[in-house]
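*Asks:* Take this structure, written in structure tokens, and hold onto it; I'll ask about it next.
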Amino acid sequence: MSEVKRKLATILATDCVGFSKHMETQEEKTLLSLKDCREIIDPVINKFSGRIFHTAGDSIIAEFDSPVRATNAAIEFQNAIKERNSLKQTNPKLNWRVGIHLDDIIIEGDNVYGNGVNIAARLESQSPVGEILISDVVQQQVYNKIEETIYSLGIIELKNISNNFEVFSLLGDGKNKIKNTSSKKLNKKPKFAILPFTNTSNDEDSGFLVDGIVEDLITEFSMMREFEILSRQTSVNFKDENDDIKEFSKKFDLDFIVIGSIRASGKRVRINIELSDAKDDSIIWSNKYDRVLEDIFDLQDEIVRKISIALLGEIEISSLQRSKRKPTQNISSYEYLLRGKENHHKFTKEANEEALKNFDKAIELDANNAQAYAWKCCTLGQTMFRGFSDRKPEEIFAEAKQNIDKALELNENDFECHRMLSAVYLSNHDYLLAEDHGRKAFNMVPNDPRVLSGYGEVLVRTRKVEKGLELLNKAYELDPIPQGQSSSDNRVRDLILGYFFAADYNKVVELSFDIRTMDERTLCLILYSRSKLNQDVTNSNEYKLFNTQFKNIEWEQSVDRFHIQDEIIKNDLLSFIKNI
1 MSEVKRKLAT
11 ILATDCVGFS
21 KHMETQEEKT
31 LLSLKDCREI
41 IDPVINKFSG
51 RIFHTAGDSI
61 IAEFDSPVRA
71 TNAAIEFQNA
81 IKERNSLKQT
91 NPKLNWRVGI
101 HLDDIIIEGD
111 NVYGNGVNIA
121 ARLESQSPVG
131 EILISDVVQQ
141 QVYNKIEETI
151 YSLGIIELKN
161 ISNNFEVFSL
171 LGDGKNKIKN
181 TSSKKLNKKP
191 KFAILPFTNT
201 SNDEDSGFLV
211 DGIVEDLITE
221 FSMMREFEIL
231 SRQTSVNFKD
241 ENDDIKEFSK
251 KFDLDFIVIG
261 SIRASGKRVR
271 INIELSDAKD
281 DSIIWSNKYD
291 RVLEDIFDLQ
301 DEIVRKISIA
311 LLGEIEISSL
321 QRSKRKPTQN
331 ISSYEYLLRG
341 KENHHKFTKE
351 ANEEALKNFD
361 KAIELDANNA
371 QAYAWKCCTL
381 GQTMFRGFSD
391 RKPEEIFAEA
401 KQNIDKALEL
411 NENDFECHRM
421 LSAVYLSNHD
431 YLLAEDHGRK
441 AFNMVPNDPR
451 VLSGYGEVLV
461 RTRKVEKGLE
471 LLNKAYELDP
481 IPQGQSSSDN
491 RVRDLILGYF
501 FAADYNKVVE
511 LSFDIRTMDE
521 RTLCLILYSR
531 SKLNQDVTNS
541 NEYKLFNTQF
551 KNIEWEQSVD
561 RFHIQDEIIK
571 NDLLSFIKNI
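For the sequence shown, the working numbering begins at 1 and goes up steadily by one.
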């Protein structure tokens, strides 16, 4: 008996939705439309090195040697078919579903059998129309390697498949629900905080290194979809306010706490670190490390992996599969990068100037330090918006853009570059590129509140309001008081803007009571919302404030800073505030 041939392969299954129904009413046109679709799908599968091994005309099953290739093929032909369907002369408009799974398969001649084929077909049958449904194992492989946003649809049960697993969708907005016959619920993600480490060094100047190492650890965990982690600033606020850890954990509904200390001496660092259960204070994992500073990046990777395994077990952690994000091999350049970030976070004119010098020194020591260019761009933005320089804003903006372009040239996979470019393009009203770079940053780092708020602000402006509000609310939850702020006003303002775009005027008015210090643009949105609710705005506290402080504002310029894409909404808001 010959040995059964097996191999690991990615299976793509796709099917035309409602094909039989279309055939009943317009047979010839449906066949012509199907032919057009196949002339799109088949070459795309071939382009990405796929092989079609089964077809029934209105359905296709193909194998690929890579989950990334299979997924990119599906994205390309689904988008091409959507574009075809957008044409008026297209009739009937045929839509397709796609399912993709990676598994062991059996090869017999030109055909393929096995559980991998069955699961891909079941995923396809559950996929929302026009979208792509992928299994958890495919998601782990394509995460951060494709540009489309990936949405979790939870754990489902597939017909005649014994195992339940989490599934993910692409090309949708995450709102489409699929039939879930499983009683199993998706486990809550572990939520934790890394508190500021104690600096036990004799040299007080080493504080920048201690804070920088902790910030890097928080950033690494922010890249993981398996966790939720509080922002660096929220943890710093805890330290500054001397809060009780129990109360802090309860306030933010934390599951775990990470504490530690760092002692730097010359070119060596000693780190003590401890992971504990926030509910009962029991120690889950702890360790001591004594390394040379040149090994700091490898040490950070080791700490991240040890904590991940302690919390989730021996699993495939998504973000640890990407290439290392070492900013530089030059440790002196890294030290100046950390000094610059420390000064940037102080938000004063003097510290801003010192931060720019630090980043210039980091670049002088290593001209390929992409993060130094990116953070110099961010600091120049701070220079411009806080009025720290007498230079013309357009000069500062041009220099900032030059630095971020250089950073992206050096490392296109650095989320900081995409986060900042999203903000740059939004300020220029280039919504398409703002969304593109925001999405890339979010796919890389789905738990960083700066990314969440920045991308969320773009989405609410581009008619993706529900997803945008979800991200803005998550940013508020993880980082209620952002760096450089003394209250949560900025986060609340972002939410008010989001609910304005959602036309949820009741929520805008409700959130207005959470603002401590009112600015003219938020006041404008609140007054406008009250008018839409048919309230007498002239009797409101906001109207009194408007008359005493903001009556003579240049409203054209102020409203323009909302970056409203829809001219009708923009003009209506401007007309209202000018004629109130």
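Note that the Cβ used here is the ideal one computed from N, Cα and C, for glycine as well.
In three-state DSSP terms, what is LEU380?
*Replies:* Here LEU380 sits in helix by DSSP.
*Asks:* Using the Cα positions of GLN565 and TYR431, report the straight-line distance between them to the nearest angstrom.
*Replies:* Computed Cα separation, rounded: 8 Å.
*Asks:* Do ALA351 and ALA362 have their C-beta atoms closer together than 8 Å?
*Replies:* The answer is no: Cβ separation not under 8 Å.
*Asks:* What three-state label does DSSP hand LEU421 in the structure shown?
*Replies:* LEU421: helix per DSSP, three-state reduction.
*Asks:* Quick one, are the C-beta atoms of GLU510 and LEU527 less than 8 Å apart?
*Replies:* Their beta carbons are not under 8 Å apart, which means GLU510 does not touch LEU527 by this criterion.
*Asks:* Are the Cβ atoms of ILE75 and CYS37 separated by less than 8 Å?
*Replies:* The answer is no: Cβ separation not under 8 Å.
*Asks:* Measure the alpha-carbon distance for ARG463 versus PHE501 and round it to whole angstroms.
*Replies:* About 8 Å.
*Asks:* Leaving out the 5 sequence neighbours to the left and right, which residues in its chain are closer than 8 Å to ILE100 when beta-carbon positions are compared?
*Replies:* Hits under 8 Å: THR10, ILE11, LEU12, ALA13, PRO67, ALA70, THR71, ALA74, ALA120, LEU123, ILE132, LEU133, ILE134, SER135, VAL138.
*Asks:* With respect to the beta strand (DSSP E) encompassing PHE192, which residues constitute its N-terminal and C-terminal limits?
*Replies:* Residues 191-194.
*Asks:* Let me know if VAL292 comes out buried or exposed under the rule of 16 or more other beta-carbons within 10 Å of its beta-carbon.
*Replies:* With fewer than 16 Cβ atoms within 10 Å of its Cβ, VAL292 is classed as exposed.
*Asks:* CA-CA distance, PRO449 and SER231?
*Replies:* When rounded, the distance between both Cα atoms is 7 Å.
*Asks:* DSSP state of SER583, grouped into three classes?
*Replies:* There is simply no residue 583 to check, as the chain begins at 1 and stops at 580 in what is shown.
*Asks:* Three-state secondary structure (DSSP) at LYS288?
*Replies:* Reduced to three states, the DSSP call for LYS288 is strand.
*Asks:* Does DSSP classify GLU409 as helix, strand or coil?
*Replies:* Looking at GLU409 - three-state DSSP - the assignment turns out to be helix.
*Asks:* For LYS406, count the other beta carbons within 10 Å of its own beta carbon; 16 or more makes it buried, fewer makes it exposed. Which is it?
*Replies:* Buried: at least 16 other Cβ atoms inside 10 Å.
*Asks:* Can you tell me whether GLY116 is buried or exposed, with buried defined as 16 or more other CB within 10 angstroms of its CB?
*Replies:* GLY116 is buried by the Cβ-count criterion.
*Asks:* Closest to LYS254 by C-alpha separation, out of CYS524, PHE192, LYS341, PHE53, would be which residue?
*Replies:* According to the sequence as given, residue 254 is Leu; it is not Lys. Of CYS524, PHE192, LYS341, PHE53, the residue nearest in Cα terms is PHE192.
*Asks:* Within 10 angstroms of its Cβ, does TYR143 collect 16 or more other Cβ (buried), or is it exposed?
*Replies:* Classification of TYR143: buried, given that the 10 Å Cβ count is 16 or more.
*Asks:* Tell me the rounded alpha-carbon separation between LYS467 and VAL214.
*Replies:* Cα to Cα, LYS467 sits roughly 30 Å from VAL214.
*Asks:* Candidates LYS440, LEU171, ILE155: which alpha carbon is nearest PHE165's?
*Replies:* Nearest of LYS440, LEU171, ILE155 to PHE165, Cα basis: ILE155.
*Asks:* Please confirm whether LEU170 and LEU94 have their CB atoms less than 8 Å apart.
*Replies:* Not a contact, by the Cβ cut-off of 8 Å.
*Asks:* Suppose you measure from the CA of ILE553 to the CA of SER531; what does that come to, to the nearest Å?
*Replies:* Going from the Cα of ILE553 to the Cα of SER531 covers about 20 Å.
*Asks:* If contacts are defined as beta-carbon pairs under 8 Å, then ASP211 and GLU342 qualify, I think. What distance do you get, rounded to the angstrom?
*Replies:* Confirmed, about 6 Å.
*Asks:* With distance defined between alpha-carbon atoms, name the residue in GLY498, TRP555, VAL508, VAL537 nearest to GLU520.
*Replies:* Residue TRP555 is the option with its Cα nearest to GLU520.
*Asks:* Can LEU545 and VAL559 be called in contact, C-beta distance under 8 Å?
*Replies:* No, the Cβ-Cβ distance between LEU545 and VAL559 is not below 8 Å.
*Asks:* For ASP15, report the span of its beta strand (DSSP E) as first-last.
*Replies:* That run of the beta strand (DSSP E) goes 5-16.
*Asks:* So what does DSSP say about GLY260, is it helix, strand or coil?
*Replies:* In the structure shown, GLY260 sits in a strand (DSSP, three-state: E or B).
*Asks:* Thinking just about the alpha-carbon of each residue, which of PHE77, THR25, ARG51, CYS16 is nearest to the one in SER59?
*Replies:* Closest by alpha carbon: CYS16.
*Asks:* Three or more C-beta pairs under 8 Å: does that hold for the segment 434-451 against the segment 415-424?
*Replies:* Contact holds: three or more Cβ-Cβ distances are below 8 Å.
*Asks:* Rounded to whole angstroms, what's the CA-CA distance from GLU316 to GLN140? Just pull it up for me.
*Replies:* Unreliable positioning characterises GLU316 in this predicted model, as indicated by a pLDDT of 39, which lies under 50. A coordinate reading is not provided.
*Asks:* Could you tell me which of LEU426, GLY340, ASN490 sits nearest to ASN358, measuring between CA atoms?
*Replies:* For ASN358, the nearest C-alpha among the options comes from GLY340.
*Asks:* Assign ALA56 to one of two classes, buried (16 or more other C-beta atoms within 10 Å of its C-beta) or exposed (fewer than that).
*Replies:* With fewer than 16 other Cβ atoms within 10 Å, it is exposed.
*Asks:* How far does the beta strand (DSSP E) with THR219 in it reach, from first residue to last?
*Replies:* THR219 -> not in any beta strand (DSSP E); alpha helix (DSSP H) instead, spanning 207-222.
*Asks:* By the three-class DSSP mapping on this structure, what secondary structure does ALA398 have?
*Replies:* DSSP places ALA398 in helix when its eight states are reduced to three.
*Asks:* Taking DSSP's pairing of strands, which residues face PHE168 in a bridge?
*Replies:* Its beta-bridge partners are ILE134, SER152.
*Asks:* Please report the residue range of the alpha helix (DSSP H) in which LEU459 lies.
*Replies:* Counting along the chain, the alpha helix (DSSP H) containing LEU459 begins and ends at 449-461.
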